[in-house]
Amino acid sequence: MLRGIMRNIEVKSRVVVAAFCCTLIALSLPAQDDDFGDFAEFEDEMQKKVDATSVPDPIEPVNRSFFWFNDKLYFYALKPVCRAYKTVVPEPPRRWTCNFFRNLGFPKRLVNNLLQLKWRGAAEELRNFTFNSTAGVLGLFNVSESHYGWEARDEDFGQTLAYYGAGPWMAVHLPALGPSNLRDSLGMIPDFALDPITYVDAWGTRLAIHSGEVINETSLRLGVYEGIKSESLDPYRFLQDAYEQNRQKKIKE
Amino acid sequence: MNKITLAFLTAAFFSVTGFCGVDAKAETDNILKKTISQGIEILKGKETSDAQKLKLFDGLLDQSCHTDLMSMLALGRQGWGVFKTEQRKEFTIAFVNLMTRTYYSKLNQADVTNVKVEYKDNIEISKSKRTLKTLMSSSDNGFEVCYKFALRKGRWAVYDMEVEGISLIASYRSQFTDFLKSKSPAELLLEMKSNDEKFSAVKVVP
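One line per chain: the protein sequences are A and B, in this order.
Counting in my numbering, the first sequence runs from 20 upward without gaps.
Counting in my numbering, the second sequence runs from 4 upward without gaps.
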């Protein structure tokens with residue numbers, strides 16, 4: 020009787036040891052390595068990402084024609100002007116100009132932070148604007164970021180619409196402005212109203228200021244578009260797709 | 004005797020399950036730090052030509068990325084399915100070349116002498132997946148780069164990277180999917196080859 024119980028305990032402990040050994044072996048083994056074994060897990064993750072950022076493009080031929088127009092505009096007009104400007108104006112003043120225009124975007128960022136109920140973001144925006152406009156000499160120096168590490172976050176009406184549930188609706192490629200979607204394109208209208216330059220009286224001056232802003236900013240990013248073109252099979256598709264992915268990140272922030 | 008065996012096995016069990024998270028964090032941190040510092044050193048090398056630098060970058064990507072998985076993900080289940088075995092091999096080579104060029108030219112555009120890399124969160128997604136966020140900044144600007152790591156065949160390596168939310172693999176996937184809607188895998192391979200040749204012949208001058 021006693022011998023029977025002892026044998027039973029011995030058998031059970033062997034089973035436990037065997038189970039432990041099996042678990043250890045299983046844990047020590049590398050992940051599945053066949054073609055589609057663990058690939059499915061990654062594939063599902065990637066497909067979700069692609070699905071989340073894919074936007075219908077019902078007016079693709081029109082969008083592509085605007086892409087073609089923008090491409091020519093860049094290579095035949097903007098780039099030569101920017102290269103000349105870059106030769107004449109050294110980098111620090113171009114960076115200061117960029118900071119100045121960025122600081123002017125304060126009303127747009129503040130209002131959209133408030134509309135999205137981002138109180139902390141609105142407070143940070145107000146703080147950055149105060150520091151940059153005073154210690155940063157009218158925004159020429161981005162002291163809030165360079166000295167205090169306070170990063171500014173882009174907020175616009177397109178993001179506000181997305182915050183309240185609006186989807187991108189459809190892909191749009193705007194002449195002179197590049198990739199966008201219908202939601203963000205419509206969002207540009209209220210943002211335009213929050214831009215202080217809009218209230219400059221003479222339209223010629225307004226146009227000159229906006230052109231100057233674009234030339235200055237592009238002069239700091241020369242080579243980026245060329246890189247995209249050389250590395251993509253379809254630069255139009257890449258730009259639209261990259262735009263949506265980047266917007267989704269901004270909306271989530 | 005049995006008790007000793009059980010104690011030993013229990014200790015071994017916890018050492019495998021409990022500490023693998025810590026090891027994985029340290030391992031992925033080390034891989035990334037080593038790869039980025041090597042990449043910056045390659046770019047700083049004034050004596051080496053562009054072609055030599057690209058070759059060094061190729062080796063760097065090979066050792067730190069799951070290039071086979073990246074190629075499969077770039078085509079997707081459907082796309083990968085229509086490629087024959089030989090074409091898959093050819094595609095993997097062409098895609099790695101494309102990634103090397105992309106990564107090389109992006110870093111080459113930045114001011115590498117002043118580049119700073121801030122290593123932020125290293126998060127465990129699952130036992131075989133981690134994401135490592137970095138903030139890369141130079142005199143130009145700063146941008147967030149998120150590296151996605153996977154444990155495959157007992158090796159931690161990158162399988163995707165996102166620059167300001169833009170996934171390298173997802174971006175190529177959209178382009179390849181679009182291309183394969185109207186053209187064949189052979190045409191895609193040809194297009195990739197001619198693209199590679201164009202890049203080798205023409206240097207992008209800002």
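Ideal Cβ positions, reconstructed from N, Cα and C, are used throughout, including at glycine.
- Residues of chain B with a Cβ closer than 7 Å to the Cβ of residue 69(A) are, in chain order, 173, 176 and 177.
- Cβ contact annotation for residue 111(B) (same chain, cutoff 7 Å, sequence separation greater than five): 46, in chain order.
- Contact between the region 141-150 of chain A and the region 101-112 of chain A is absent: fewer than 3 CB-CB pairs across the two stretches fall below 8 Å.
- Counting the other CB atoms within 10 Å of its CB gives residue 136(A) a total below 16, which places it among the exposed residues.
- Taking 7 Å as the threshold, the shortest C-beta distance from residue 250(A) to chain B falls below it.
- Straight across, the Cα-Cα distance linking residue 29(B) with residue 171(B) is about 24 Å.
- The three-state secondary structure of residue 88(A), taken from DSSP, is helix.
- When Cβ pairs closer than 8 Å are counted between the two stretches, the region 169-180 of chain A is seen not to touch the region 247-257 of chain A, the count staying below three.
- The alpha-carbon separation between residue 240(A) and residue 266(A) amounts to approximately 20 Å.
- For residue 255(A), the enclosing alpha helix (DSSP H) has its first and last residue at 254-271.
- Within chain A, the residues placing a beta-carbon under 7 Å from that of residue 105(B) are 250, ordered along the chain.
- Counting only the Cα atoms, residue 76(A) lies some 29 Å from residue 72(B).
- Under the DSSP assignment, residue 137(B) falls in the beta strand (DSSP E) whose first and last residues are 132-140.
- Identification of chain A residues near residue 75(B) by a Cβ-Cβ cut-off of 7 Å yields 58, ordered along the chain.
- Exposed is the label assigned to residue 226(A), since fewer than 16 other Cβ atoms lie within 10 Å of its Cβ.
- A Cβ of chain A is located within less than 7 Å of the beta carbon of residue 167(B).
- In this structure, the beta-carbon distance from residue 96(B) to residue 67(B) does not fall below 7 Å.
- Residue 128(A) carries a helical assignment under DSSP once its states are collapsed to helix, strand and coil.
- Around the C-beta of residue 130(A), 16 or more other C-beta atoms lie within 10 Å, and the residue is accordingly described as buried.
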